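Structure first, then comments.
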Amino acid sequence: MANIRVGLLGLGVVGCGVLKTIRSQADKLAERLGKRVEIVKILVRDPAKERPVTVENSLLTTRFEDVLEAGADVIVEVMGGVEPAGAYVRRAIAHGCHVVTANKELLAKHGCELIRLANQHRVHLAYEASVAGGIPILAVLRQFLRTNEITCIQGVINGTTNYILTRMERHQLSYREALAEAQKLGFAEADPTADVEGYDPAYKLYILSQLVFGKAVAWQAIVRKGISQLSAAELQTARALGFRVKLLARAVNTAAGVQLSVSPTLLPPDHPLAGLEEAYNGIQVTGNIVGDLLFTGRGAGELPTASAVVEDLAYLLTQPFVPQPEWQHVEPAFREETLSGKRDTWFLYLEEAPSHRDPHRVLQGLDREGIEVVKLHAEFHKHEVLRLGLLVRAGSLERLERAADRLGTAAKIYPVLLTGQEADMAPAASDSRKELVLSE
Numbered sequence: 075m076a077n078i079r080v081g082l083l084g085l086g087v088v089g090c091g092v093l094k095t096i097r098s099q100a101d102k103l104a105e106r107l108g109k110r111v112e113i114v115k116i117l118v119r120d121p122a123k124e125r126p127v128t129v130e131n132s133l134l135t136t137r138f139e140d141v142l143e144a145g146a147d148v149i150v151e152v153m154g155g156v157e158p159a160g161a162y163v164r165r166a167i168a169h170g171c172h173v174v175t176a177n178k179e180l181l182a183k184h185g186c187e188l189i190r191l192a193n194q195h196r197v198h199l200a201y202e203a204s205v206a207g208g209i210p211i212l213a214v215l216r217q218f219l220r221t222n223e224i225t226c227i228q229g230v231i232n233g234t235t236n237y238i239l240t241r242m243e244r245h246q247l248s249y250r251e252a253l254a255e256a257q258k259l260g261f262a263e264a265d266p267t268a269d270v271e272g273y274d275p276a277y278k279l280y281i282l283s284q285l286v287f288g289k290a291v292a293w294q295a296i297v298r299k300g301i302s303q304l305s306a307a308e309l310q311t312a313r314a315l316g317f318r319v320k321l322l323a324r325a326v327n328t329a330a331g332v333q334l335s336v337s338p339t340l341l342p343p344d345h346p347l348a349g350l351e352e353a354y355n356g357i358q359v360t361g362n363i364v365g366d367l368l369f370t371g372r373g374a375g376e377l378p379t380a381s382a383v384v385e386d387l388a389y390l391l392t393q394p395f396v397p398q399p400e401w402q403h404v405e406p407a408f409r410e411e412t413l414s415g416k417r418d419t420w421f422l423y424l425e426e427a428p429s430h431r432d433p434h435r436v437l438q439g440l441d442r443e444g445i446e447v448v449k450l451h452a453e454f455h456k457h458e459v460l461r462l463g464l465l466v467r468a469g470s471l472e473r474l475e476r477a478a479d480r481l482g483t484a485a486k487i488y489p490v491l492l493t494g495q496e497a498d499m500a501p502a503a504s505d506s507r508k509e510l511v512l513s514e
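Numbering-wise (our numbering), the sequence shown opens with residue 75 and increments by one.
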């Protein structure tokens with residue numbers, strides 16, 4: 075029985091998981107493929123580094139040329155980053171090797187080029203692990219929903235930020251405290267920027283949009299807000315209004331074009347993504363035939379991501395080459411006005427001394443600007459307002475921003491995704507305290 079020769083680029087957390095999985099599932103893979111999978115070379119930065127797996131020294135190299143010269147049929151790239159990973163992937167494709175990658179940043183920034191190059195050289199470029207770790211969302215979209223017209227795909231697709239938000243909400247930790255805890259547990263990198271500022275989910279959303287809609291705005295044009303400016307008080311205020319805050323990645327295909335956004339978003343408790351806790355991911359897909367589908371699981375980590383990588387490896391080795399549809403870029407179809415879903419509903423958060431410390435003055439000021447207040451939560455200390463949280467309908471984000479500026483206090487604005495009964499909430503009366511949710 076001939077072997078399938080695999081070159082592995084990277085032996086970090088995911089790389090070790092891939093090596094463990096190929097070893098532990100060797101017989102099952104051989105039965106499925108009719109051949110055994112053999113790791114012929116592993117590219118690493120430091121061969122002497124201690125690792126949680128046993129590796130023969132002869133397998134390790136610091137030279138990519140050694141991987142190609144070992145006769146690899148498939149290159150598995152799990153080293154991350156744009157370079158030198160991008161250069162290695164291009165050379166592997168040009169050499170006639172199939173490629174499996176978990177590198178969402180590389181695909182978001184150079185996927186159009188890499189897809190064209192793979193088609194030109196008639197090799198597979200597989201990337202299931204780049205979006206949701208162990209959740210096989212790309213395979214489902216590619217193989218089992220081809221008859222459906224997908225109108226919306228949205229999800230919580232970054233485990234780091236979901237862990238941080240869960241800890242802030244459940245245990246009233248500050249952002250910095252929750253981040254430090256996530257870093258200690260290995261959920262967050264030493265430099266967490268890609269996660270907490272929303273770059274990671276933006277890369278993933280770009281890939282999903284290309285696969286589902288056949289197009290996407292350039293990743294830099296995705297409307298993107300992270301969680302680093304969120305406070306535990308904001309999360310508690312949102313919860314008092316009956317909502318949970320999640321970092322939501324959302325892609326919508328409309329007559330006006332493709333709309334992509336990543337932003338902290340208020341979700342009602344009955345929303346299928348609202349209950350995701352800690353490092354779990356979830357993706358909701360809406361098709362014109364199938365309706366709503368929900369996929370949940372661990373979106374990152376050693377074995378969940380390794381599972382996706384090895385499944386990609388096994389799949390491409392059993393399939394004939396078929397050119398992939400080429401990716402294309404389109405212009406953004408919108409600003410942030412349409413982020414909030416039904417009826418342009420937003421969460422307006424005001425902290426520290428709104429106008430005259432009187433929530434009724436705030437209501438009246440918003441009413442003068444044509445902003446409809448649906449619900450309000452006010453917290454007082456010694457009869458002075460500490461913070462206000464309002465659900466408002468504004469028609470456009472620009473109008474709401476102008477109104478907030480005229481209140482004379484710093485304001486934060488987040489979209490609200492409404493479902494069912496929440497979409498039909500009646501507005502609060504601006505002249506009656508009985509409509510307010512007050513707490514001391």
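Glycine is no exception: its CB is placed at the ideal position from the N, C-alpha and C atoms. The structure displayed is predicted, hence computed values, not measured ones.
Cβ atoms of residue j and residue i: under 8 Å apart, would you say?
i, j, result
"K278", "A329", "no"
"Y237", "L304", "no"
"G356", "T339", "no"
"V291", "V156", "no"
"S283", "A325", "yes"
"L462", "P489", "no"
"L334", "I296", "yes"
"V205", "I231", "yes"
"P275", "L350", "no"
"L440", "A388", "no"
"V92", "V383", "yes"
"I487", "E475", "yes"
If you compare alpha carbons, which of the options is closest to residue i?
i, options, result
"L367", "A276, S335, I224", "I224"
"G229", "A353, T311, G155, V359", "V359"
"T221", "S302, L309, I363, V490", "I363"
"L347", "G272, R298, L492, A159", "L492"
"V87", "I78, R125, Y201", "R125"
"I211", "R435, R372, K486", "R372"
"L460", "M153, T235, T311, M242", "T311"
"T234", "H245, K486, D265", "D265"
"Q194", "G170, E202, Q294", "G170"
"L424", "V336, A307, L181, Q99", "A307"
"L377", "R164, S98, G288, R165", "S98"
"H526", "A252, E472, G272, V80", "Nothing about residue 526 can be reported from this structure: the residues present for the chain run from 75 to 514 only."
"T267", "T95, R190, S302", "S302"
"W420", "E179, I445, D140, T240", "I445"
"P399", "F287, L134, G91", "F287"
If you reduce the DSSP assignment to three classes, tell me which class residue i lands in.
i, result
"Y389", "helix"
"L350", "coil"
"T493", "coil"
"L142", "helix"
"N362", "coil"
"L258", "In the sequence as presented, Leu is not what sits at residue 258; that position holds Lys. Helix."
"K123", "coil"
"R372", "strand"
"Y280", "helix"
"V384", "helix"
"Y273", "helix"
"S506", "At S506, the pLDDT of 35 sits below 50, so the modelled position is not reliable; the number obtained from the coordinates is stated separately. Residue state, collapsed to three classes: coil."
"K299", "coil"
"T412", "Confidence in T412 is poor, its pLDDT being 48 and thus under 50, which makes the residue's placement unreliable; the coordinate value appears in the next sentence. T412 falls in the helix class under three-state DSSP."
"E151", "strand"
"H172", "strand"
"R196", "coil"
CA-CA distance, residue i and residue j?
i, j, result
"N177", "G482", "45 Å"
"I113", "R106", "17 Å"
"L199", "A213", "13 Å"
"D418", "D147", "52 Å"
"P121", "L142", "18 Å"
"P394", "T175", "19 Å"
"K109", "A159", "28 Å"
"A76", "L390", "17 Å"
"V150", "G89", "9 Å"
"G254", "M242", "Correcting the residue type first, residue 254 is Ala in the shown sequence and not Gly. Straight-line Cα distance between these residues: approximately 12 Å."
"A168", "A485", "52 Å"
"G208", "K183", "23 Å"
"A192", "E202", "16 Å"
"I78", "L85", "19 Å"
"F517", "T240", "In the structure as shown, the chain begins at 75 and stops at 514. Residue 517 is therefore absent and cannot be evaluated."
Quick one: what's residue i bridged to in DSSP?
i, result
"W401", "For W401, which the question treats as bridged, DSSP gives no partner whatsoever."
"A325", "I227, L334"
"A546", "Since the first residue shown for the chain is 75 and the last is 514, residue 546 is missing from the structure and cannot be characterised."
"Y423", "G463, K486"
"E522", "No information on residue 522 is available, as it lies outside the stretch 75 to 514 that the chain covers here."
Strictly under 8 Å for the Cβ-Cβ distance: is residue i near chain B by that measure?
i, result
"A76", "Of the protein chains in the structure, only one exists, and it is not chain B."
Is the closest heavy atom of the ligand HEM to the C-beta of residue i under 7 Å?
i, result
"S305", "In the structure on display, the ligand HEM does not appear, and there are no ligands present to speak of."
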